Amino acid sequence: SSCTMKDELGCMVALKFRSVGYVLLAMGFFLVFYTAFTGKSNPKSKNCECLLSEDSTEKTQALANITKVRFLTGHDENWRDPGSLNAVGSHEVTTLDSSLESPLPIAFQKALQQYPVVAPNNVRIVLIASYYRSGSSFFGELLSSGPMTYFYYEPLQPFTVSGRIRPGRQSLAFAVLDELVRCRMYNVPLLTLWQENRPEYKHNRFLVDVCDNGPSCSSPGHISALCARAKTQVFKFTRLSIPQIVAWVNRNSDIAENIRVVYLVRDPRATYASRLNMSWCSKDEECGDPKALCTQMRQDLNAYERLKLERWWLSRIHMVRFEDVATDPIYQARRLFDRLGLDYGPSVVSFVKNHTVASEEDLKNPYSTRRNARHAISSSWTKKLSKESIDAVNTVCSDILHRLGYSHAGSDARR
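Under full-length UniProt numbering, think of the first position of the sequence shown as 1, with each following residue one higher.
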C-alpha cells in the first residue's frame, strides 16, 4: 500500500525491511540450488535415502545425489569418460545412489571396482527387431549370453502393452532410448522404478549376477555405473518397426557406426497360434489379428530390402528366421555372432546347450525361453489352429510366406 504523509517515515522503514526480506529469500534459494549442484551439502543429510520425500532438505539431497552419480559413473550430457570410474573407492561405490535402501551386494561392489569403464567407440550395440511371440525372448538372451553384455529387455514396454509405438509417442520413446544407450538411467528414474517389481530385468544376466535380486537391481545410479562397463549392449524391440529403428539410428549419428540391427522373423502362422494363448494379445484388435501382423511384416520386410541396397546398411542389418536358429542353434549362433562382431565364448555355448533342451514344465510355460529344437519347428500350430484359421492366414499372408521361404502346405520351411 502507498505511504501517507502522516506515517511516511514508518512506512518507508517497513518497505526497506520488506526489500531486505526479498533479498534474503532470494539468497536462500540460491544457496539451496548451489548446494544441490555442487554436492556441498550438510554432512548430516548425506545419508538421506528418501528421494521421493516431500521434505525440502531431502529434495535438495536428491539433486546433489544426481550430480554425484554423474561424476562417479563418468557420464556427462554427451557420453562417458572412460577413465573416471577406473579407481572408484569402496565407499563411493556403495553410495552411488542414495535411493538404495540396503547394503550394495558384495558382487556388485566388486564388479564396479574391477571392471573398467568401456570407451564409447568400443561398445557394440545390437538392436533386435521382431514381433510378439516370435521367439525374440530366446533370441535376445542368446545374443546377450556373452560376457559383460547389458541386455535391455523390452525397454519400451511402459508405452504400450500389445501394440507398436504410435507416431505421437515416438519422440518420447526415442528420448528414453537416447538415455539408456548412453547408460544414463538416472535421467529416466521412473523407468527403473517401474521395472523394480517386474521380472523383465532378470533377462539381463550381467545385472542379475551381481544385484542379488535386491534394490540395487533397479538403483538408477548403480545400474548406470554397471552399464558403463558393458562391452556390448543388446536391445530387444517388438514395439518398434524397422523404419522407426532406422529413424532412431539416424538420430544418433555419433554412435551409429557401432550399431547392428537384427531383423528376427518367424512363420506368421506359428506367431498367430502362439498369440492366441496370450489374453493381453489375443483380445487386442491389432495384436490378435493375423492380417495386422502380416501388414507389419510386409512394411518391415519392404524397409529391410531397401536398406540392403544401401552400401552403409549392407553389413549393418541382418535378417534371421527363428526356425533356422531352432533347427541348428550352434551353427546359427556361431555364424550370427561372427557377423555381428560378438565373442562366441564358453558362456554362449553353455546357453545354447541349456536352452535347447526343455522339460515338460518348460514347454507348458509360454514365457519360458527353453525349448526343444524339434518342438520349436514342429507343426504344433497346425494342431492349435483350425483349418479355417490356417486358410485365412495363408490368404492374408501369402506374399509374406513366399518371400520368407515358408511353405503354404505346412510348417516345414523351404531352404
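All C-beta atoms in this analysis are idealised placements derived from N, C-alpha and C, irrespective of residue type, glycine included.
The structure displayed is predicted, hence computed values, not measured ones.
Helix, strand or coil at residue i according to DSSP, with G and I counted as helix
i      : result
Arg403 : helix
Lys236 : strand
Tyr331 : helix
Thr271 : helix
Leu385 : coil
Ile259 : strand
Leu336 : helix
Ile317 : strand
Leu172 : helix
Leu177 : helix
Ser2   : The predicted position of Ser2 is uncertain, since its pLDDT is 46 and thus under 50; no value can be drawn from it.
Asp391 : helix
Cys397 : coil
Assumed close pair residue i, residue j - CB separation to whole angstroms, cut-off 8 Å
i      : j      : result
Asp300 : Tyr272 : That pair is no contact at about 16 Å.
Trp381 : Arg269 : 5 Å
Arg229 : Val117 : 6 Å
Leu307 : Val246 : 7 Å
Val393 : Pro290 : 5 Å
Gly221 : Pro105 : 15 Å between Cβ atoms; not a contact.
Arg227 : Tyr115 : At residue 227 the sequence reads Cys, which differs from the Arg that was named. In fact, because the Cβ distance is near 11 Å, the residues do not count as touching under 8 Å.
Gln296 : Ser241 : 7 Å
Contacting residues, own chain, Cβ-Cβ under 6 Å from residue i (five flanking each side not counted)
i      : result
Val249 : Ala256 and Ile259
Asn187 : Glu179
Gly135 : Arg266 and Phe322
Ser398 : none
Ser130 : Ser136, Thr238 and Leu264
Ile317 : Val261 and Leu307
Lys384 : Ala273
Pro189 : Pro220
Leu52  : Any reading at Leu52 must be qualified, since the residue scores a pLDDT of 30, below 50, and its modelled position is unreliable; the value itself is stated next. Excluding residues within five positions, none has a Cβ falling inside 6 Å.
Close-in-space but distant-in-sequence residues of the same chain around residue i (CB under 8 Å, 5 per side omitted)
i      : result
Ser162 : Tyr132, Trp280, Cys281, Asp284, Glu286 and Cys287
Glu152 : Per the sequence shown, residue 152 should be read as Tyr rather than Glu. These residues qualify, in order along the chain: Leu180, Asn204, Gln233, Val234, Phe235 and Lys236.
Arg251 : Phe174 and Asp178
Asn333 : The question names Asn, yet the displayed sequence has Ala at residue 333. The residues are Leu142, Val325, Tyr344, Val348 and Val352.
Glu200 : Tyr153, Glu154 and Gln157
Asn122 : Lys231
Ile330 : Val349 and Val352
Leu340 : Arg124, Val126, Leu143, Arg260, Val262 and His318
First through last residue of the alpha helix (DSSP H) which encompasses residue i
i      : result
Phe159 : No alpha helix (DSSP H) contains Phe159, which DSSP labels as neither H nor E.
Thr356 : No alpha helix (DSSP H) contains Thr356, which DSSP labels as neither H nor E.
Tyr304 : Pro290 to Leu307
Cys281 : Ser279 to Ser282
Residues near residue i in its chain [Cβ-Cβ closer than 7 Å; skip 5 each side]
i      : result
Ser347 : Ser145, Gly146 and Pro147
Thr160 : Arg239
Phe108 : Val210, Cys211, Ser216 and His222
Gly28  : Because the pLDDT at Gly28 is just 47, under 50, the model does not fix this residue reliably, and the value given afterwards should be weighed accordingly. No residues qualify anywhere along the chain.
Leu293 : Tyr131, Pro268, Thr271 and Tyr272
Continuous beta strand (DSSP E) stretch holding residue i: start and end
i      : result
Tyr344 : Careful: Tyr344 lies outside any beta strand (DSSP E) and carries neither H nor E.
Pick out the complete beta strand (DSSP E) segments inside the segment 95-146, 3 residues or longer, and give them in chain order. Annotation note: the segment 95-146 contains the following uninterrupted beta strand (DSSP E) runs of length 3 or greater, listed N- to C-terminal: 124-129.
query = In chain order, which continuous runs of the beta strand (DSSP E) of length 3 or greater are located wholly inside the segment 180-255?
reply = Within the segment 180-255, the beta strand (DSSP E) runs of at least 3 residues that lie entirely inside it are, in chain order, 232-237.
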